[in-house]
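Below is one structure, written out as C-alpha cells; the observations come after it.
There are 2 protein chains.
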Amino acid sequence: MFDNFFNKKAPEPPESRLRAIEGSSTADLAAQLLCAPTAMMQLSHEEARIVISYMQPRRIAQGTTFIKEGDSRNTGFMLLVLDGEVTVETIVVSRVEPITVTVLGEGSLLGEMGLLDGEPRSASCTASTEVRCAILTRESLEQLMIDNSHVAAKLMLAVSLRIAERLRDSADKLKMYAQLTQAMQQEIDHLMPS
Amino acid sequence: MFDNFFNKKAPEPPESRLRAIEGSSTADLAAQLLCAPTAMMQLSHEEARIVISYMQPRRIAQGTTFIKEGDSRNTGFMLLVLDGEVTVETIVVSRVEPITVTVLGEGSLLGEMGLLDGEPRSASCTASTEVRCAILTRESLEQLMIDNSHVAAKLMLAVSLRIAERLRDSADKLKMYAQLTQAMQQEIDHLMPS
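First to last, the sequence lines map onto chains A and B.
No gaps in the numbering here: position 157 of the first sequence is 157 in this note's numbering, and each next residue is one more.
Count along the second sequence from 1, add 1000, and you get the number used in this note's numbering.
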C-alpha cells in the first residue's frame, strides 16, 4: 500500500496528486507527522497533505547508509521519517570511528539543508532499523512552488525555522567550546614548566 | 527622499506599494542590493522590488546598538544594510569585553533568524558609521505571503539558504573545536605529573 499511494510521474496536476493520496491511511499519517511539533508545526493538516502529495515513498533496509557525509552528488532531497530509526553520524579527523550525532525516529526531517543548497552532505545517515519514509526532491519542491506557492511559502518558512533552531543550538555549542578551550589553555599555561 | 518612498501604513494593496517606490533611485538600489550575491541572489530584480515595497526605511545614528544580544522583545524584523557599517558582537562568559564576530556593510542582511522564530537575539549589532537600511517586519512578511505568495516563497527560500550557509559554517567550526579540545586534552595529560 505504502508504495502505491504516492505519485511517481511528474509533473502531474495538483488535483490528481491529491486524488492519488485520498483515503490512504499512510498518507494521513505522513501529513500528521509533517505538521507535528518535531517536523513543521506551522503547516495545517490540509497544507501538509498537499506537501505529502508531492513526496515519494521509500523503504530503506536496515543497515543502509542512505546519506553519506561529504557526498556532493546525491544531495537534492529531504526526507520525512514515517517509521523506524535513523542514526546520524559525523567523522571528526583524528578519530577512527565516526561520532554519533543523534538518533532520529518517526516524524523527524533529514537532509533539508541539502534540499536547499545542494552542498555536500554534512553528516551520514544510516537506517538502524527498517525505515519507511517520504522524500521531497528539489524538483518536486520547485513544482510545488509553481502549483501552490502559498503552501510552498509556508513549507519554506517551516524549513527555515528548523534550520534556524539548529543554528542557534550550534551557536550555543560554539560559545561553550570557546569557554572550554580558554579554560584548557589556562590549565596548560599553569602546568607548563616556566 | 529616502524617508518618503517607502510605505508606512499597512495593509496597503500590492499595486500601490509598488507605485509608491516607482522612480525612486534608493528603492532601486535597495532592490539591487537585495538580489546581489551577498544578500539573496535567488530573487530577480523585479521580485526584489516587490519585497522592497514591503520594507520600511530607517536611518540609524553612529554608535547606536539597534539589536541587543539576549533581547527577547524587539525580535520580529530583519534588516538590509543600504549604506554604512555594522559591527556584530557577542558576549562570551568569562570575558569582560564582547567579541567582534564580524563587520557588515552595504548589501548585508541582519536579524533574519529573529524574523523567523522571534527567539532572543543571538548577537548585538551596532552602527559603526551612520547606517541607512530597510527593515522587513514579521507583519509585512505575513502580508507579503498573503498578497504574493510566489515572491514570499522565493524570499523564504533565499532566507533559508543564507541560514543554511551559516549553519554549515558553524558546523565546520564545531568540528575544528572538537579537534582542538582533543589536542589540548592530550597536551594536558602529557604535562600532568604522573
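All C-beta atoms, glycine included, are put in the ideal place defined by N, C-alpha and C.
Collapsed DSSP secondary structure at residue i in the structure displayed
{"i": "L80 of chain A", "result": "strand"}
{"i": "I21 of chain A", "result": "coil"}
{"i": "I91 of chain A", "result": "coil"}
{"i": "L191 of chain A", "result": "helix"}
{"i": "L43 of chain A", "result": "coil"}
{"i": "T64 of chain A", "result": "coil"}
{"i": "T1100 of chain B", "result": "strand"}
{"i": "R121 of chain A", "result": "coil"}
{"i": "P1013 of chain B", "result": "coil"}
{"i": "E1069 of chain B", "result": "coil"}
{"i": "A1164 of chain B", "result": "helix"}
Residue i: contacting residues in chain A (beta-carbon distance under 8 Å)
{"i": "L1116 of chain B", "result": "L157, S160, L161 and A164"}
{"i": "M1055 of chain B", "result": "Correct list: empty, because the minimum Cβ distance to chain A is about 17 Å."}
Neighbour-count burial assignment, residue i, 16 or more Cβ in a 10 Å radius
{"i": "V103 of chain A", "result": "exposed"}
{"i": "M1156 of chain B", "result": "buried"}
{"i": "I1067 of chain B", "result": "buried"}
{"i": "M78 of chain A", "result": "buried"}
{"i": "T100 of chain A", "result": "exposed"}
{"i": "P1057 of chain B", "result": "buried"}
{"i": "D1003 of chain B", "result": "With a pLDDT of 42 at D1003 of chain B, under the threshold of 50, the modelled position of that residue is not reliable, and no figure is offered here."}
{"i": "M1055 of chain B", "result": "buried"}
{"i": "A153 of chain A", "result": "buried"}
{"i": "M1113 of chain B", "result": "buried"}
{"i": "A61 of chain A", "result": "exposed"}
Closer than 8 Å to chain A by CB, residue i
{"i": "S1122 of chain B", "result": "yes"}
{"i": "E1130 of chain B", "result": "no"}
{"i": "S1149 of chain B", "result": "yes"}
{"i": "A1048 of chain B", "result": "no"}
Residue i - partner residues in DSSP beta bridges
{"i": "C133 of chain A", "result": "A:R58 and A:V81"}
{"i": "A127 of chain A", "result": "A:V86"}
{"i": "L1109 of chain B", "result": "B:L1080"}
{"i": "V1051 of chain B", "result": "Its beta-bridge partners do not exist; DSSP assigns none."}
Residue-level contact to chain B via CB, residue i, 8 Å cutoff
{"i": "I188 of chain A", "result": "yes"}
{"i": "L174 of chain A", "result": "yes"}
{"i": "A30 of chain A", "result": "no"}
{"i": "A171 of chain A", "result": "yes"}
Interface partners of residue i on chain A, CB under 7 Å
{"i": "L1018 of chain B", "result": "What L1018 of chain B touches in chain A: nothing, since even the nearest Cβ is about 18 Å away."}
{"i": "A1152 of chain B", "result": "A153"}
Within chain A, partners of residue i - CB distance below 9 Å
{"i": "M1078 of chain B", "result": "The premise fails here: M1078 of chain B is roughly 11 Å from chain A at the closest Cβ pair, so nothing lies under 9 Å."}
Distance cut-off 7 Å: residue i Cβ against heavy atoms of the ligand GDP
{"i": "R1121 of chain B", "result": "In the structure on display, the ligand GDP does not appear, and there are no ligands present to speak of."}
Amino acids of chain B, ordered along the chain, whose beta-carbon sits closer than 8 Å to that of residue i
{"i": "T102 of chain A", "result": "Within 8 Å Cβ-Cβ: nothing; T102 of chain A doesn't reach chain B, min ~13 Å."}
Closer than 7 Å at the beta carbon, the chain B residues around residue i
{"i": "L191 of chain A", "result": "I1188, L1191 and M1192"}
{"i": "E119 of chain A", "result": "R1168"}
Within chain B, the residues that residue i reaches when beta carbons sit closer than 9 Å
{"i": "T181 of chain A", "result": "Y1177, L1180, T1181 and M1184"}
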